[in-house]
Every structure is written in structure tokens, then in C-alpha cells.
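Protein chains in written order, with the numbering used here: chain V, 1 to 370; chain H, 371 to 458.
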Amino acid sequence: MATTLWIGTRKGAFALRPAAGHRRWRISGPQFLGHIIHHIVQDPRDPRVLLMAAKTGHLGPTVFRSSDRGRTWHEAAAPPAFRKTADGETPRAVAKVFWLTPGHASQHGSWYAGTSPAGLFRSEDGGNRWQPVAGFNDHPMNARWAPGLATPDGEILHSILVDPRDALHLYLAISIGGVFESTDGGRDWAPLNEGCAADFLPDPTVPFGHDPHCVVLHPGNPDRLYQQNHCGIYRLDRPARRWQRVGAAMPKRIGDIGFPIVLHPADPDTAWVLPMDGTKVWPRTSIDGRPAVYVTRNAGRTWRRLDRGLPAKQAWLTVLRQAMCVAARPDPALYFGTTAGEVWSGRNGGASWQRIAGHLPEIYSVTCAT
Amino acid sequence: MNCTVRVASPLRSYTGGAQAVQAQGATVAELLADLERRHPGMRFRMIDEQGRIRPHIRLFAGSREIRDLSERMDGERVLHLICALSGG
Chain V
1 MATTLWIGTR
11 KGAFALRPAA
21 GHRRWRISGP
31 QFLGHIIHHI
41 VQDPRDPRVL
51 LMAAKTGHLG
61 PTVFRSSDRG
71 RTWHEAAAPP
81 AFRKTADGET
91 PRAVAKVFWL
101 TPGHASQHGS
111 WYAGTSPAGL
121 FRSEDGGNRW
131 QPVAGFNDHP
141 MNARWAPGLA
151 TPDGEILHSI
161 LVDPRDALHL
171 YLAISIGGVF
181 ESTDGGRDWA
191 PLNEGCAADF
201 LPDPTVPFGH
211 DPHCVVLHPG
221 NPDRLYQQNH
231 CGIYRLDRPA
241 RRWQRVGAAM
251 PKRIGDIGFP
261 IVLHPADPDT
271 AWVLPMDGTK
281 VWPRTSIDGR
291 PAVYVTRNAG
301 RTWRRLDRGL
311 PAKQAWLTVL
321 RQAMCVAARP
331 DPALYFGTTA
341 GEVWSGRNGG
351 ASWQRIAGHL
361 PEIYSVTCAT
Chain H
371 MNCTVRVASP
381 LRSYTGGAQA
391 VQAQGATVAE
401 LLADLERRHP
411 GMRFRMIDEQ
421 GRIRPHIRLF
431 AGSREIRDLS
441 ERMDGERVLH
451 LICALSGG
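Okay, structure coming up:
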């Protein structure tokens, strides 16, 4: 079945589907016009199922679920929510559901959600009812790991990763807070940030307090992780605990700052990033107004620029952490969406780029579905 | 006490499009609980898990703004659910 791109925007959800052998794309939607859509994720265990993280400017956060590939949606009966706070505790309330991750292949119907402020939630019934993961949300160190150091859009928990070999082995990331690992299904957690820079802190060698923008795990080699951090691009090969700054091999005039990082579906040595300007006041736009994707095919030892078809000048794109994805077919193809409402397709692993949609609202996420 | 609840447009997906619905309760909390029974999911979009009115929601008993859900309707027969948001 052909790829469908699900586009989550500040004003609703859209779908792009290829036509004429991927030479054209048909857009459908908006669905939930006016809703803020942070993530739309397909369930690989049942591809008919999609979950959508949503809220509106007025109303509180929720999750919608589709069991017919996005034709119809039903709201969760119990959206992610922190437990009722006891006297003397600082009250926490979910402001937005930011991230959705399907659970382990052996746990049909299980899902994880990450929220702002940083919270981890789990559903056992396909996203209809959500419960807080107390092992993280009420961990004795939680107040220090997730102290509310907000990014411009608030403190967010994202990049929830499930080891395909072991349902109990989980990772998550907090902006700002760092990367954390659990080996017991989320009952206990430990920081996993050694080697990562935290240039914005007085002590850059702290065990947590980092700003991972996006963390990915290779499905075919789950010991291989990559991270696009606020302070560089990193690789980690488990069981090692020290991240290696592979972004140091990027051209110095480009640097290694950005939000998304995506992996080749079959090759754990191949990763793509979309560098953004992290100098001075952090414009977070294409460097020099000339957007480019960079690829490594050797696990970060070298990087190659991919900009054929992208604007050559005066293009100040910003691409957020959930707004880039890769589809195994065709060849593989890369896709990214910009905060200015454009969607770009990079055929042949990003060798050639084409704008496939424009004039959309601010894009928060681009995800591939079948 | 039976009250009329006037529903702002962003919440009407929960009321089948109705601009006004009926609910029972002496306090705002009781009214919202009854509203939730009749229109599941509606309360959480207005009230967070700590029982606080969300930042862009305003509740009025008649013309009196409600600050605390424990407030009584005090004879008012209409609860207004208002969505207040500015910006683009």
C-alpha cells in the first residue's frame, strides 16, 4: 500500500497521498480544523489504527483514535492526566499531549504518550483510557529531572522508545531534562546523558538537565541510538553509556544543531539531519537561508550535503522535531514539513527534493503511514 | 436544581451541536458532574485533573463569574460555558 503522510499542524490535520507514481500528491483535510495537532501515529501492529494528539486554543488536551485509517475518529474516554495532587504537592496538569509511541509488538493495544509538562502515560486499550506511569511521574528524582525548565513551547516529554527485543526496556527524553532509560517496564528510571554537552548550564558535565531534541533507535539494531541534541548530534552504541558527538564531523560553518533526526529503515549506519542556525540568538532557521539535509552513511564519521531541488537562497525554514520522517518505499524517501506550511519530499534518500504541498498552517509533525 | 447550560461552540461536539442543554446540581461542581454523565469527555476539556478551570475557559452563573467549582448557583438557572481566547 502506498505511503500516506499525516501532517499535524497548529490548525488541524491533513493527509497527503501519492498519485501518478509519486509524481503528484493529493491533499485531503483538514480534519479537526482549528485544533492543535502535535502528533499522528499509525499502529504498526494494526495499520488501520491511528492515534492523534490534539487540543484547541480553548480546550484541554486529548487523544483521538481512528480504526479505519483516519476516516473517522473517536475521542479517548480518559485522556492522559496526572494523578490528583496531594496536599503540599505542586499540582501538575497536562497542558498538551505532545508525543505518541506504540507499545511493544507483543503488547497489542499498548501505547505511550509524552506530555507537557513532562509526563509519561500508558494505555492498554488502544489509546482509549490512559494512566500515568507512576514509576516516572512520581519517581523520587522526578522534580529534579523535570523541573519545568521550559523550551519556548513548554517542557516536553518526547522520543519514547521501546526496545523491539524487550518490552521492558524503554527510553524517553525531556526538553529540558535529558535522556532516561528504564529496564523494568517503566517502574524505575536512570539518566543516560554521559558525553552529551549542556553548554547552557554552569556545569556542562551534569548527569541530567540536557536538551535532547530528538532521540531515535534503529529497529534492526536496537543497540544503536542517535540523538539530535540542542548541543550537537550524538550516537550511542549500547551497552556503552557514553554518547559520541558524531556531529563534530559536520562542516564547521554548518554546525550540528537542529531538531529532527531520522534513520534509514534497514541501515543503522545511515541517518539524516536538517541543520539549523544555533548561533548567537538561536534563529533556528536554515543556515544562511540555504536549506539542506545532511546524511551520514557511516554512523556519523562523515556527512554529505543534500540540497538539490531545495531553494538556493533566501529560504529561512524551520523544521520541528516531529516534522521529518522516512518511508522505506520508494527508495527510501524522506519528507519534512516546515513551520511555514510547506511539505518537501526527498527521493532517493534525499538526493533530489520536491515541494509537494504548501500554504498549510504551521506544521508540527509529519509521519508516514501505509 | 435543574439548570440550563449554554454551551460555547468549541464544546458543541459533545452536545450533538446543541447550544443549550439541561443539567442538575446545586453547585457548579455538581452541574459539571451531571454534564459529564450526559456528555462524556466534556468536563476534562474545561477543567483540568486538579479541578482547576482551564486558562481559556470562563464559567458564569447568570452574570456572576465562577472562580471556584464549589460555588453554589444561588438561584441562578443558567450556567454559561465561555471560551475566551485571543491571538491568531
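We put the beta carbon where it would ideally sit given N, CA and C, even for glycine. Computed from a predicted model, the values in this text were never measured in an experiment.
Judged by their CB atoms, MET416 (chain H) and LEU451 (chain H) are nearer to each other than the 8 Å cut-off. Excluding its 5 nearest sequence neighbours in each direction, VAL326 (chain V) has C-beta neighbours in its own chain below 6 Å: VAL262, PRO332 and LEU334, listed in chain order. Proximity to ASN298 (chain V) across V:ASP267, V:ARG305, V:THR285 and V:ILE160 peaks at V:ASP267, based on C-alpha coordinates. Three or more Cβ pairs drawn from the stretch 98 to 110 of chain V and the stretch 156 to 168 of chain V lie within less than 8 Å of each other, which places the two stretches in contact. Secondary structure of PHE200 (chain V) (DSSP, three-state): coil. Annotation: PRO44 (chain V) to ALA390 (chain H) spans about 42 Å, alpha carbon to alpha carbon. Spatial neighbours of ARG129 (chain V) in its own chain (CB-CB distance under 8 Å, excluding positions within 5 residues in sequence) are listed in chain order as ALA76, ALA77, ALA78 and SER123. From the listed residues V:ARG304, V:MET52 and V:HIS58, the smallest Cα separation to ARG424 (chain H) is found for V:HIS58. Residue environment: LEU405 (chain H) is assigned as buried (16 or more neighbouring CB atoms within 10 Å of its CB, all protein chains considered). The beta carbon of ASN372 (chain H) lies closer than 7 Å to those of GLN392 and GLN394 in the same chain, with the five residues before and after it left out.
Taking a Cβ-Cβ cut-off of 8 Å, HIS359 (chain V) has no neighbours in chain H, whose nearest Cβ is about 16 Å from it. Contact residues of the stretch 52 to 73 of chain V toward chain H are THR56, GLY57, HIS58, LEU59, GLY60 and THR62 (C-beta to C-beta distance below 8 Å).
With its beta carbon at least 8 Å from every one in chain H, GLU155 (chain V) lies outside the interface.
Less than 8 Å separates the beta-carbon of ASN229 (chain V) from that of HIS213 (chain V). Against chain H, the beta carbon of ALA340 (chain V) has no neighbour under 8 Å; the closest one sits roughly 14 Å away. Proximity of chain V to LEU455 (chain H) at the Cβ level (cut-off 7 Å) is accounted for by GLY57 and HIS58, in chain order. Under the Cβ criterion of 8 Å, ALA134 (chain V) is not counted among the residues facing chain H. A Cβ-Cβ separation of about 15 Å leaves SER175 (chain V) out of contact with ASP199 (chain V) under the 8 Å criterion. The alpha carbon of ALA95 (chain V) has as its nearest neighbour, out of V:THR56, V:VAL133, V:ASP87 and V:SER159, the alpha carbon of V:THR56. Under DSSP, VAL366 (chain V) takes part in a beta bridge, and its partners are V:ILE7. Shown here, GLY195 (chain V) sits in coil according to DSSP, grouped into three states, outside any helix or strand.
Listed as beta-bridge partners of VAL326 (chain V) by DSSP are V:LEU334. Flagged as an interface residue toward chain H: ALA93 (chain V), by a C-beta distance shorter than 8 Å. In this structure, the beta-carbon distance from LYS11 (chain V) to GLY29 (chain V) does not fall below 8 Å. Below the 8 Å Cβ cutoff, chain H contributes GLY411 as neighbours of GLU75 (chain V), in chain order.
Our two residues, PHE32 (chain V) and GLY387 (chain H), have alpha carbons roughly 15 Å apart in a direct line.
Taken through DSSP and simplified to helix, strand or coil, TRP145 (chain V) comes out as helix. About 18 Å separates the beta carbon of TRP243 (chain V) from that of ILE160 (chain V), a gap too long to meet the 8 Å contact definition.
When rounded, the separation of the alpha-carbon atoms in ARG305 (chain V) and VAL295 (chain V) is 7 Å.
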